[in-house]
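Chains as they are written, first to last, in our numbering: chain A, 2 to 474; chain B, 19 to 234.
Data block below; observations after.
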């Protein structure tokens with residue numbers, strides 16, 4: 002936005018979350034002693050200790066191709082792996098309930114494969130995804146080559162012939178995949194097959210990566226919302242509301258955990274859904290397909306909407322299957338210019354200010370694992386000269402998690418986030434009307450009154466500003 | 019004094035016998051007044067709080083020997099054992115694993131046999147024990163695992179089902195706390211693995227299979 006008001010901020014939902022599972026109650030055994038031939042079996046269990054989730058937005062729509070923005074989430078994964086040495090991983094892809102189970106099994110499996118291949122630098126797996134498109138999951142058609150080129154050699158990105166070379170030459174593609182993977186993961190994050198739960202023992206990746214189709218949604222729409230989406234010709238909104246259901250989860254297990262791939266219940270990414278269905282709750286179909294009147298069903302609240310019992314038992318305690326959100330906020334100076342590497346400190350709710358940290362090269366900071374909606378106070382400033390202490394010149398309160406709240410009550414907070422933070426709300430509304438009023442049809446009159454038309458425009462501008470930032474490359 | 023004894027959590031017949039001055043629990047267990055309980059519970063070491071046990075009078079036994087010689091009297095008493103089979107996730111025994119077993123504060127080194135079994139004689143009144151598996155091939159290496167001897171309830175009871183399912187790795191809540199939702203989940207997963215009808219209800223067929231899989 003060109004006429005950026007003084008030192009404003011934007012919250013934008015980040016695309017992933019990582020967390021530690023609550024310490025599993027360490028096992029203990031209740032046994033009966035023996036005076037005859039009785040015994041007690043003590044079987045060790047599989048204990049997930051941490052999780053990492055990457056959201057839909059890091060994939061191209063309906064595709065298994067990961068976009069460059071996943072870099073931020075991969076840094077989090079790198080930290081998580083560092084914090085849990087020796088903990089084997091397993092990857093679970095999830096699709097939303099639109100479409101049939103089989104195609105969703107395929108897509109969720111392809112996304113899991115894409116992440117596995119990325120982490121292990123398996124270019125052959127990406128080549129298979131590229132050369133064997135499935136429905137909308139068509140890397141070439143969706144511009145994967147151009148995206149990768151722009152990331153690894155920006156100078157050739159505008160040359161259409163450069164892309165053609167990679168389009169027709171698998172050998173060249175392999176090189177491009179490899180460079181792009183390295184660019185996303187960085188020099189440290191590189192895993193071996195043996196770092197995964199099945200230790201690569203099964204060539205189809207059993208226990209290492211799998212797709213859960215649409216069986217484990219985090220969110221099921223209310224009857225009314227579902228009907229409305231069914232009526233809509235334009236499915237954009239339905240697809241966007243369904244985004245939380247499309248995700249890839251990585252679970253880390255207790256160091257030394259080992260499974261027998263032959264006994265692992267999840268089918269491979271190429272197998273059908275029969276293996277999944279065997280592990281359903283006895284009422285699994287009902288769990289995943291019941292729509293309630295007047296309210297959405299959320300996994301984090303009722304824990305009864307996953308169809309797969311096996312998956313739920315692994316993740317019920319997982320912080321990554323809750324809607325704890327991470328937010329990205331961009332820090333600007335007083336003239337609407339983002340401040341690269343801005344030093345900042347943040348306080349969420351009543352939490353203390355964290356130590357001074359730095360924004361990224363584009364002025365973005367990440368606030369993680371926040372129970373939204375939340376009030377966050379951020380202090381920031383310009384990067385200090387060598388050897389000097391950073392001065393945090395700006396202070397601002399932001400309200401996170403307002404995207405879905407169109408009410409008039411949230412309008413003041415949205416205005417605040419957009420930079421209209423006068424103590425007098427009429428002044429804020431007036432300022433907004435003057436700056437943006439011409440975008441409404443008919444144009445808004447500067448009245449200082451938050452009428453329906455102003456509220457509508459505010460909600461639109463607010464959402465757009467988030468999307469602008471999401472698309473910022 | 020003969021009389022009735024009401025079983026508490028953690029009791030097993032050997033410890034009850036010991037407390038009441040019996041070296042052989044069978045004297046109590048085989049008493050006619052306990053016939054009904056014996057039939058109901060089968061295993062004297064897996065009783066349920068509230069069970070009523072008849073403790074008979076101790077019989078005085080007289081042995082006559084000449085006093086000008088040394089005599090040896092051997093007290094015949096049954097031994098109490100702690101038998102635990104250690105398995106990995108998929109029923110594969112953890113064989114030859116070095117462990118430290120501490121029973122009532124006394125520690126001993128034990129090694130599991132080819133079937134993953136520990137088979138140790140323990141004091142008749144033992145209740146507390148800790149097992150430390152010292153084998154880096156398990157993810158529970160060096161983790162002290164408390165073992166509460168005599169705390170296993172009968173399989174007919176939900177608490178007994180939860181404890182067995184916990185021992186078998188299915189029940190993920192603490193084994194001594196009953197959580198109906200977790201129990202249902204564990205029962206379904208067990209039924210699924212053991213090819214029983216998956217309905218989340220631990221009926222007689224599931225109970226029998228559970229008892230068999232657990233070992234008591």
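Just so it is clear, CB atoms sit at the ideal spot from N, CA and C, and this is done for glycine as well.
When only Cα atoms are considered, residue 115 of chain A and residue 195 of chain A end up about 17 Å apart.
Using a Cβ-Cβ distance cut-off of 8 Å, the stretch 347-362 of chain A and the stretch 117-133 of chain A are not in contact, since fewer than three pairs of beta carbons, one from each stretch, lie closer than that value. If you check each beta-carbon in the stretch 37-67 of chain A against every beta-carbon of chain B, the ones closer than 9 Å belong to 37, 38, 39, 40, 41, 42, 43, 44, 45, 46, 47 and 48.
Only 254, 255, 256, 257, 258, 259, 260, 261 and 264 from the stretch 240-265 of chain A bring a Cβ to less than 8 Å from some Cβ of chain B. Listed along the chain, the chain B residues whose CB falls inside 7 Å of the CB of residue 282 of chain A are 206.
Two segments are said to touch when three or more pairs of C-beta atoms, one from each, lie closer than 8 Å; by this definition the stretch 184-191 of chain B touches the stretch 200-208 of chain B.
Contact annotation for residue 300 of chain A against chain B: no contact, minimum CB-CB distance about 14 Å [criterion: below 9 Å].
Per DSSP, the unbroken beta strand (DSSP E) holding residue 344 of chain A starts and ends at 344-349.
Ranked by Cα distance from residue 94 of chain B, the options B:233, B:83, B:163 and B:43 are led by B:43.
Residues of chain A with a Cβ closer than 9 Å to the Cβ of residue 43 of chain B are, in chain order, 36.
Rounded to whole angstroms, residue 422 of chain A and residue 273 of chain A show a C-alpha spacing of 55 Å. Within the DSSP secondary-structure output, residue 95 of chain A pairs in a beta bridge with A:248. According to DSSP, residue 137 of chain B shares a beta bridge with B:101.
Taking all protein chains shown into account, residue 218 of chain A has 16 or more neighbouring C-beta atoms within 10 Å of its C-beta and is therefore buried. Annotation note: the stretch 374-431 of chain A contains the following uninterrupted alpha helix (DSSP H) runs of length 4 or greater, listed N- to C-terminal: 412-419. Within chain A, the C-beta atoms nearer than 7 Å to that of residue 96 of chain B come from 36, in chain order. Annotated three-state conformation of residue 22 of chain B is strand, per DSSP. Comparing alpha-carbon positions, the option among B:97, B:34 and B:90 lying closest to residue 72 of chain B turns out to be B:34.
Between residue 149 of chain A and residue 181 of chain A, the beta carbon gap of about 4 Å places them in contact (Cβ cut-off 8 Å). For the pair residue 321 of chain A and residue 54 of chain A, the CB atoms are nearer than the 8 Å cut-off. Of the candidates A:249, A:292, A:438 and A:359, A:249 places its Cα closest to the Cα of residue 57 of chain A. With a beta-carbon spacing of about 6 Å, residue 265 of chain A and residue 199 of chain A fall inside the 8 Å limit used to define contacts. Along the stretch 79-109 of chain B, the positions whose C-beta sits under 9 Å from a C-beta of chain A are 96, 97, 98, 99, 100, 101, 102, 103, 104, 105, 106, 107, 108 and 109, read in chain order. In the DSSP assignment, no residue is bridged to residue 189 of chain B.
For residue 161 of chain B, the nearest beta carbon of chain A is closer than 8 Å to its own beta carbon. By the 16-neighbour rule on beta-carbons within 10 angstroms, residue 57 of chain B is exposed. Taking every protein chain shown into account, the CB of residue 263 of chain A has fewer than 16 other CB atoms within 10 angstroms, so this residue is exposed.
Around residue 307 of chain A, the same chain offers 217 and 313 as residues with beta carbons nearer than 6 Å, after the five sequence neighbours per side are excluded.
Across the structure, residue 221 of chain B and residue 180 of chain B are spaced so that their CA atoms are roughly 13 Å apart. With contacts defined as CB atoms closer than 8 Å, residue 46 of chain B and residue 74 of chain B qualify as a contacting pair.
Of all residues in the stretch 58-81 of chain B, only 61, 62, 63 and 64 come within less than 7 Å of chain A when Cβ atoms are compared, listed by chain position.
Cβ proximity to chain B below 9 Å picks out 310, 311, 313, 314, 317 and 318 from the stretch 310-322 of chain A. Bounds of the alpha helix (DSSP H) holding residue 278 of chain A are 275-279. A Cβ-Cβ separation of about 6 Å places residue 93 of chain A in contact with residue 211 of chain A under the 8 Å criterion. Counting of Cβ neighbours within 10 angstroms places residue 379 of chain A among the buried residues, the total reaching 16 or more.
DSSP places residue 212 of chain A inside the beta strand (DSSP E), whose first and last residues are 210-212.
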